[in-house]
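Numbering of the sequence shown is given in my numbering, commencing with residue 6 and proceeding in unit increments.
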Amino acid sequence: MDFLHPPLDAYRLARTPDAAATFAEHEDFKSLLRAGSAHLEVQSVAEVHTAGPSFELFTAAIGSRDRQVPAIGFFGGIHGLERIGTQLILNYMRALLSRLEWDTLLQQQLQKVRLVFMPIVNPGGMWAHKRANPRGVDLMRNAAQRAESRVPFLAGGQTMSPLLPWYCGRPGAPMETESTALLQVVREQLASRPFSLALDCHSGYGFDDSIWFPYAKTRRLMAHLPEMFALKTMLEQAMPHHDYSFEPQSNQYLLHGDLWDHAYEHTPAGHVFLPMTLELGSWLWIRKNPRQLFSRHGIFNPIKAHRIKRVLRRHVDLLDFLTRAAYAAPGWLPLAERRAELQQQASAHWRPRRASVLSRK
């Protein structure tokens, strides 16, 4: 699709439906798109229909248009109840736009990197206060592939009914509109480049924060393990006191239909695409405020204002680190003997093991 022309863009983003037909994150995103219209390239990639309003799926991009430069994509809101991931991305967008007014180093950086934002992949689910999309499908289990080994009952994905959680969709049916749109954005704006990264922000699993990468369908290790291990090493050097668990998704559990497995496996030959999921551990928030258990949003998000602010502060450094890593990729991507050495180290570090814990991802 062509980028929206400014008059049409301004009109479509300025429409403000009544409160019942929108939600705070959606309005915040549209406000950022309007405020950053001089810098952002806004694209409408799909339209999602609900029992009430319809929502356009917007992406926003900033930086170089050169198709050979590295790119990074930030995604959120795949699960409608996990609002904190969307809020984290919107907070980062807001900071970048404000810095553009004075940060000459950022301006130079954006000449050699491309940033793509899709912070609300599932607006229908977020509007309806549901994890799944309006058709009852868990988008993170909606791709066509099946896990190679046993998955957790229900949580690994099921095809019995949309009335049950973690529904993959009807077997053999096309993927959902939202899933198709996300994969289109990845295919056209990220994986089509020689190097790209993606970070998909979720919440709801464990006491600790985790960074997961493919695979979710198998305990086999990904082909670009050396590159991922190099990125992990750089993160530890740049943020030596971080608390992220950085590992393959399969080290925790397997699931059917993972979108990032699908996107990774459909990357053009010779290109490096490294997708990651940031899983914010919500059990710590619940332990500090047990009453959150009685709220659907409280299971997946911090409720108290000071904890929300703390989460937004805590993870902005990770997003900034990944942006810088994408920009500097030509200087750190391993080659030849170094890549073989990292392959051995990474294989020993991330050797496949039996998953032991279920997840709410």
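By construction, the Cβ of each residue, glycine as well, lies at the ideal position given by its N, Cα and C atoms.
Neighbourhood of residue i by C-beta, 7 Å cutoff - its chain only, sequence neighbours within 5 removed
| i | result |
| --- | --- |
| Trp337 | Ala235, Met239 |
| Asn138 | Asn127, Gly129, Gly130, Leu144, Glu181, Glu183 |
| Gln163 | Leu169, Trp171, Tyr172, Cys173 |
| Gln348 | Leu230, Pro231 |
C-alpha gap between residue i and residue j, whole angstroms
| i | j | result |
| --- | --- | --- |
| Val47 | Ala66 | 7 Å |
| Gly174 | Leu144 | 9 Å |
| Ser42 | Arg329 | 23 Å |
| Leu260 | Met165 | 15 Å |
| Leu195 | Pro58 | 30 Å |
| Arg315 | Glu30 | 18 Å |
| Leu340 | Glu270 | 21 Å |
| Pro157 | Val53 | 30 Å |
| Ala310 | Met98 | 20 Å |
| Arg119 | His320 | 20 Å |
| Arg151 | Tyr258 | 13 Å |
| Asn294 | Glu342 | 51 Å |
| Arg225 | Phe278 | 17 Å |
| Ser154 | Leu62 | 34 Å |
Residue span of the alpha helix (DSSP H) that contains residue i, given as start and end
| i | result |
| --- | --- |
| Ser321 | In the sequence under discussion, the amino acid at residue 321 is Val, which differs from the Ser named in the question. Where Val321 is concerned, the enclosing alpha helix (DSSP H) stretches over 310-332. |
| Ser352 | 341-354 |
CB-CB length for residue i against residue j, believed under 8 Å
| i | j | result |
| --- | --- | --- |
| Met233 | Ala351 | 7 Å |
| Leu159 | Pro170 | 6 Å |
| Phe218 | Met281 | 5 Å |
| Glu87 | His247 | Glu87 to His247, Cβ: 21 Å. No contact. |
| Phe79 | Leu204 | 6 Å |
| Val121 | Val74 | Actually they do not touch by this definition, with Cβ atoms about 12 Å apart. |
| Arg198 | Arg72 | 6 Å |
| Ile304 | Gly209 | 6 Å |
| Asn147 | Gly262 | 5 Å |
| Pro179 | Arg140 | That pair is no contact at about 12 Å. |
Other residues of its chain near residue i: CB distance less than 6 Å, five sequence neighbours each side excluded
| i | result |
| --- | --- |
| Ile83 | Val126, Asn127, Leu144, Met145 |
| Leu289 | Phe212 |
Beta strand (DSSP E) segment containing residue i, residue limits
| i | result |
| --- | --- |
| Leu195 | Careful: Leu195 lies outside any beta strand (DSSP E) and carries neither H nor E. |
| Trp217 | 215-218 |
Residues of its chain near residue i, where Cβ-Cβ distance is below 8 Å and the 5 sequence neighbours each way are ignored
| i | result |
| --- | --- |
| Met227 | Phe218, Pro219, Tyr220, Met233, Pro253, Tyr269 |
Would you mind listing the beta strand (DSSP E) stretches within the segment 222-302 that are 3+ residues and don't spill past its ends, in chain order?
250-253, 277-285
Fully enclosed by the segment 83-144, which alpha helix (DSSP H) runs are 4 residues long or longer?
88-104, 109-114, 128-133
Unbroken beta strand (DSSP E) runs of length 3 or more, entirely within the segment 27-92: which are they?
46-54, 59-68, 76-81
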